[in-house]
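Here the sequence shown is numbered in the numbering used here, starting from 702 and rising by one per residue.
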Amino acid sequence: MPIQKPPTPRETLDRVKTLRTYATDAEKLVWAKLRNRQLLNLKFHRQHSVTPYIVDFYCEDRLLIIELDGGQHNEEVDKRRTDFLAQKGYRVLRYWNNDVLANIEGVMEDLMNKINSTLSTPPSPNPLPEGEGLEKL
């Protein structure tokens, strides 16, 4: 079930637009593989606002966030951000830009494997009372 979020402020939308315009080579490569439901028929958004952050790629159906990290990333800041998003129910997967640029197919295979490992059907939030839905013999 999607997480309800408040409207995105104008300055955040402007920042999202700028980030999309000036995407890194790694972001462009990953986006080319994710867009138009190419990966497991899942819909992804790029440079998506997940308040208070803007994440690189987001799949609402799976509450999945994909982050690409370059050399400028601070591991402690990334950890706090990942922990915050995880507490909100998101699963965060991180890949290094260098790995994407050197081996996009390997990164996409790893991503697909990680998504597939969590695709098992979750339990129904409203199970039928005991005995209902079963055929009587």
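Where is the CB? At the ideal position from N, CA and C, for every residue including glycine.
Asked	Found
Test item: CB-CB of I755 and L786 under 8 Å	no
Supposed contact pair Y796 and L764 - C-beta distance, whole angstroms, cut 8 Å	The Cβ separation is near 18 Å, so there is no contact.
Helix, strand or coil at L740 according to DSSP, with G and I counted as helix	coil
C-alpha distance - L720 paired with Q748, whole-angstrom precision	7 Å
Nearest to A733 (by Cα), restricted to the options D784, E806, D800	E806
F785: first and last residue of the uninterrupted alpha helix (DSSP H) it sits in	776-788
Delimiting residues of the beta strand (DSSP E) encompassing E768	765-770
Range covered by the beta strand (DSSP E) that runs through D757	754-760
Host beta strand (DSSP E) of Q748 (start-end)	746-751
Any non-hydrogen atom of the ligand PLP within 7 Å of L743 CB	Summarising the ligand content, the structure contains no ligands, and the ligand PLP is consequently not present.
6 Å Cβ shell around A727 - same chain, five flanking residues per side excluded	L769, N798, V801, L802
Residue burial classification, V778 (beta-carbon count within 10 angstroms, cutoff 16)	exposed
Distance between L740 and R781 (C-alpha atoms, nearest Å)	28 Å
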